[in-house]
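First up is the structure itself, then whatever we jot down about it.
Number of protein chains: 2
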Amino acid sequence: MESVEGSVGIVSPQDFISEEPFTFLNGESISNLTIRYETYGSLNEAKDNGILICHALSGDHHCAGFHEDAKKPGWWDNIIGPGKPIDTEKYFVISSNCLGGCQGTTGPASIDPSTSEPYNLKFPRLTIADMVKAQKLLLDHLGISTLHAAIGGSMGGMQAMQWMIQYPEIPQKVLILASTARQSTQAIAFNEVGRTAIHQDPAWHHGNYTKEKPPATGLSIARMMAHITYLSNRGLETKFGRDRRKQDPGHLTDVEFEVESYLRYQGQSFVNRFDANTYLYFSKALDTFDLYGPENDLTQAFKEVQAKVLAIGFTSDWLFPPEENQQIIQALLKLGKKASYAEIESELGHDSFLLESEHYFNTVRAFLEIK
Amino acid sequence: MESVEGSVGIVSPQDFISEEPFTFLNGESISNLTIRYETYGSLNEAKDNGILICHALSGDHHCAGFHEDAKKPGWWDNIIGPGKPIDTEKYFVISSNCLGGCQGTTGPASIDPSTSEPYNLKFPRLTIADMVKAQKLLLDHLGISTLHAAIGGSMGGMQAMQWMIQYPEIPQKVLILASTARQSTQAIAFNEVGRTAIHQDPAWHHGNYTKEKPPATGLSIARMMAHITYLSNRGLETKFGRDRRKQDPGHLTDVEFEVESYLRYQGQSFVNRFDANTYLYFSKALDTFDLYGPENDLTQAFKEVQAKVLAIGFTSDWLFPPEENQQIIQALLKLGKKASYAEIESELGHDSFLLESEHYFNTVRAFLEIK
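Here's what the structure looks like:
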């Protein structure tokens, strides 16, 4: 596997365990913060070639290369690796599971040392700013005080934006993909349906379910619905159209159309890898993200920004549409910051930021290389 | 109430009970078809001034005037009444609850006389063509063999289209609002999530629930999600923005944003008036509606059409977008039929067809009046 061209090869996650209590924005704290992360490439002597990858709601720290014996690479392997746009021959890539997550970093399913039980809903309310604060501890641990770039799509884009606000001296560049400075009403509405599906699942038990009996139905419904919002009508038409699984329509609740089968698979497989309480916390972190603030003025949030910023919108993304990405750049330009916007033609909806396209990849490469 | 200007006043539903068995497209039949309906205005001597109103998924026969002691009028009272665009001084308006419905017409919750139990999932698989066939029986009963018009929005638009295909000599005009000749992949996908929420609700019991213990959670989630698809991002921004219900975010599953409160209310109130099995049957009737057919040629379906047709698309409707309405007219024009398309500017999404707007109402009035 090590020889796969353009691949970082076999990778292993590491855990950073903070010795200090971690205090959230709302004042609550936890005492045992663990951050699971991976790195690819080498940190240079100046320690300034780091690129932080921030993941989206359903993502994790494993974004490139292969875990031992795994068939599938990390979720962003197409863009990260030797010679790829996020070039591990040049950059030291750092990717961590977000605070509140369920893939190794402390989250609701982790054991609260004060009770020896999982936190579940006793886990503190979480914001994008808290996620970024936790990532900062990891960088401190790695001895990094300057990042070449912070990069993220969707919820990851919110983190990247938050980085340039919260620690303006650290990221030299910020790359925001298919994201928004403020969760829209419609996006809140969809998240609320997903949350309702979870907390109305009898197996949820006010968050106190066991790993063996999670609210699988609710989480699966939340995922099925959310998955539609990550795609586009045209993309779905192209991929599935009205293709039928079988000619006989069968029972009223049987799978009839291919798109139904696809969605059910998406829902079921998500349940195997994701924690329902993390879904509640992450979706709330998204919904409460609002850089416009009470004065409805995005420039207030961006006053101290030092990074060069590129935001990329994707034409068919209706969850975080191109305009919302463009508005980020307009606010930065109003302040005289170095910022630019690119729009990529794609019929793949919000998930376009995960897909390979020449124009897109060239744009990312060029942005990371410019002085 | 009788004196309310432009109102048809107090109205009462009637039941038509067919003496013949009713056979569905798939060959199955039921023996006790009841159709609940209302009429407004008077049938003229020539019996050719009838306008048939076809309702959408969550609608019913009560579309104008007030039921005794009711505070709210029928669902389309703004457009139907003396002097209104669908003018009850000129036209005899007929509106029935669709076959398979849950508001008086025979549907899954009705008693199967052969078992004295509700049909539930033994109710035959239902198509738009079956709904129209049942409406035809009602017209026969009323002695009507020519309709001035068949009108419907959304699923009602599918019925109106089906009328001009199935009984081309009956409707002189057909008015299709916010509809489609073929359910899109995305629309199927959303319906599948709603169906999954219902059939995964433990209270559903394979359709054999009691009226007292319906799958309220599943139906409510289906409705919440569907309701988002009836609106638009911009419409939601205008109506709710990020307004908060209370400043303290509270518990992770508490209502925080106004839009969440609105959606929960929509979900809960729907459960009080709608049957979950009807939702399954209607949503499947929508999903299997495809006038393009296996040869992907809409003109084949429209060959025998005699009616004058107007289709209206609404700019912000992303469920049945303007293009899909326009395509209906393009196919008719290709065949040399009398057809036209109008597009109404609105930020209210799919539900725009239910709302009052001068341009829209004038367009409807003019179409019904032209010779």
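These protein sequence lines map, in sequence, to chains G and V. Heads up: the first sequence begins at 4 in our numbering, then just goes up one per residue. Heads up: the second sequence begins at 4 in our numbering, then just goes up one per residue. Glycine residues also receive a C-beta, built at the ideal position from the N, C-alpha and C atoms.
Under DSSP, the alpha helix (DSSP H) around residue i begins and ends at which residues?
| i | result |
| --- | --- |
| F273/G | E261 to R276 |
| V367/V | E361 to E372 |
| T220/G | A219 to Y233 |
| A279/G | A279 to D290 |
| K136/V | I131 to L145 |
| T109/G | Note, T109/G: premise wrong, no alpha helix (DSSP H); not H, not E. |
| K337/G | P325 to K337 |
| V196/V | T188 to H202 |
| T302/G | L301 to F305 |
| I168/V | M158 to Q169 |
Since residue i contacts residue j with CB under 8 Å, what's their CB separation in whole angstroms?
| i | j | result |
| --- | --- | --- |
| F323/G | A181/G | 5 Å |
| E41/G | H64/G | 5 Å |
| S61/V | F277/V | 6 Å |
| E151/V | K176/V | Correcting the residue identity first, residue 151/V is His in this sequence and not Glu. At roughly 7 Å, the Cβ-Cβ gap stays under 8 Å, so H151/V and K176/V are in contact. |
| Q189/V | I231/G | 7 Å |
| R39/V | Q138/V | 12 Å between Cβ atoms; not a contact. |
| G77/G | G9/G | Not quite, the Cβ-Cβ distance comes to about 13 Å (not below 8 Å), so this is no contact. |
With DSSP run on the structure shown, which of helix, strand or coil describes residue i?
| i | result |
| --- | --- |
| L28/V | coil |
| A342/G | strand |
| A67/V | coil |
| D80/G | coil |
| L150/G | strand |
| D18/G | strand |
| E120/G | strand |
| D246/G | coil |
| R237/V | helix |
| D115/V | strand |
| D443/G | Outside the displayed span of chain G (4 to 374) sits residue 443/G, for which this structure offers no information. |
| D90/G | strand |
| D354/G | helix |
Indicate whether at least one CB of chain V lies closer than 7 Å to the CB of residue i.
| i | result |
| --- | --- |
| H208/G | no |
| S187/G | yes |
| F260/G | yes |
| E298/G | no |
| F243/G | yes |
| E240/G | yes |
| T199/G | yes |
| A132/G | no |
| K191/G | The sequence shown places Ile at residue 191/G, rather than the Lys named in the question. Yes, contact with chain V. |
| E307/G | no |
| L335/G | no |
| L124/G | yes |
| E263/G | yes |
When DSSP builds the beta bridges, which residues end up paired with residue i?
| i | result |
| --- | --- |
| V312/G | V177/G and A342/G |
| P85/G | Answer by DSSP bridge pairing: none, since P85/G is not bridged. |
| F391/G | Nothing can be reported for residue 391/G: it is not among the residues displayed for chain G, which extend from 4 to 374. |
| G155/G | C57/G and I179/G |
| R185/V | D293/V |
Residue i lies in the beta strand (DSSP E); which residues open and close that run?
| i | result |
| --- | --- |
| I376/G | Since the displayed chain G opens at 4 and closes at 374, residue 376/G lies outside it and no answer follows. |
| V96/G | F95 to S99 |
| E41/V | T37 to Y43 |
Give a yes or no on whether 7 Å exceeds the smallest Cβ distance from residue i to chain G.
| i | result |
| --- | --- |
| L222/V | no |
| A73/V | no |
| H353/V | no |
| Q203/V | yes |
| E327/V | no |
| H362/V | no |
| I373/V | no |
| E41/V | no |
| V196/V | yes |
| E350/V | no |
| I33/V | no |
| A279/V | no |
| T256/V | yes |
#### Entry: Residues of the stretch 224–235 of chain G whose Cβ lies closer than 7 Å to any Cβ of chain A, in chain order
Included in the structure are the protein chains G and V, with no chain A among them.
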